[in-house]
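Read the structure below first, then the notes.
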């Protein structure tokens, strides 16, 4: 486990981490100076322990929200305020020079965005006052609440995405995966949340519709070429599907494998399965039994993927690794809520405080070393990626 403690640099600063690698940490900082807002994009060198300013911008509109995406050589920055236009800026990581700056205008009001690679950005737009009727007709025709555009940074061309699946899913249901140097998108297409779908199963004798969860996979390069040509039907592969009698839900990614949960409503049988992209095979990794202990839950760490059985005892919390972990640890529950267990030894917990209204807020984290039976608590922000915990 690696702990990167950069609290001394950020003791009185408000920053947002957006990329952590083995060599560098990238983060954004906003300051209000002399009546205007400035955005700073900075790099922390983990070897030299020095901070470097990559670039900075004066935000003419104080309502701007930044969306930052990091790639091997570049950063992509989108500045938006929920309106129909936004700034897209491509930045060289090493020099801080702008490689591209464009004002993009779309129909509707900005909702979300995602950059699947360094050359493309998907932009989702929802209804606004000026286009409310058009969006209503579009939703009735396609079942999609948002319009989707794909912007190509190489050609500076904005492509309207005609495929209804991509438009329907939104950024929350698009996951990125890289296998053997090839990039894929995992498209999550659940019918509804678990309780709603179970309700349909219980009343299925009245229902004729095809109620189904699907998990699709697309080769990213092929998908981008198809969307550029304006096709409606994209090339995709169905990894998992469940009709009204069952459930299929994405869980996480680890290496060449994508993990999902499969549940049969009739028996309550629940399994965690994996799809190996390289081998093109599906395997059952574990069967999740209904906990025979009170206060037992399953906790999933999405990336890298791990599953833990967490049981709240009288004064302790018991952790057992189920998938991709052999952890068997107990710790004092005063240390906080379980987040992850690294190297089957280090337990990371979340510390919270409750205000007068009963609302909980994150106030720090703790590390419990089960081998040495020692713990340390930190009242600061933390960022966990793989086996690296950043304190700031």
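Residue numbers (this note's numbering): 645 to 1036.
Heads up, the beta-carbon is just placed ideally off N, CA and C, and yes, glycines get one too.
When DSSP builds the beta bridges, which residues end up paired with residue 684?
673 and 700
Can you tell me whether DSSP reads residue 718 as helix, strand or coil?
strand
Skipping 5 residues on each side, what residues in its chain have a beta carbon closer than 6 Å to that of residue 645?
986, 987, 990 and 1031
Find out if the Cβ-Cβ distance for the pair residue 717, residue 737 is shorter than 8 Å.
yes
With a 10 Å radius around its C-beta and 16 neighbouring C-beta atoms as the bar for buried, classify residue 972 as buried or exposed.
exposed
Assuming residue 1022 contacts residue 1008 under a Cβ cut-off of 8 Å, what Cβ separation, rounded to an integer in Å, is found between them?
5 Å
Contiguous beta strand (DSSP E) assignments of at least 3 residues, all confined to the segment 945–994:
950–956, 960–967, 972–976 and 981–986
Does residue 993 pass the burial test, meaning 16 or more other C-beta atoms within 10 Å, or should it be called exposed?
buried
Assigned exposure category for residue 664 - 16 Cβ within 10 Å defines buried:
buried
Buried or exposed for residue 892, please, with buried defined as at least 16 other CB atoms from any protein chain shown within 10 angstroms of its CB.
buried
Environment of residue 711 [buried if 16+ CB atoms lie within 10 Å]:
buried
Which of the three DSSP states is assigned to residue 760 in this structure?
strand
Let's see if you can read the secondary structure: which residues bound the beta strand (DSSP E) around residue 652?
Residue 652 -> not in any beta strand (DSSP E); alpha helix (DSSP H) instead, spanning 651–654.
Could you check how far apart the C-beta atoms of residue 932 and residue 914 are, in whole angstroms? I think they sit under 8 Å.
4 Å
With residue 794 as the anchor, note down where its beta strand (DSSP E) starts and where it stops.
791–796
With the cut-off set at 8 Å, would you say residue 772 and residue 1035 are in Cβ contact?
no
List the endpoints of the continuous beta strand (DSSP E) containing residue 824.
That residue, residue 824, is in no beta strand (DSSP E); it is neither H nor E in DSSP.
Please name the residue in 764, 770 and 730 whose C-alpha comes closest to that of residue 704.
730
Report the rounded CA-to-CA distance for residue 778 versus residue 807, giving the unit in angstroms.
18 Å
Between residue 682 and residue 668, how many whole angstroms is the CB-CB distance? I'm expecting something under 8 Å.
Actually they do not touch by this definition, with Cβ atoms about 22 Å apart.
Report buried or exposed for residue 980, applying the criterion of at least 16 other Cβ atoms within 10 angstroms of its Cβ.
buried
Would DSSP call residue 940 helix, strand or coil?
strand
Does residue 646 come out as helix, strand or coil in the three-state DSSP assignment?
strand
Anticipated Cβ contact below 8 Å, residue 949 with residue 903, distance rounded
5 Å
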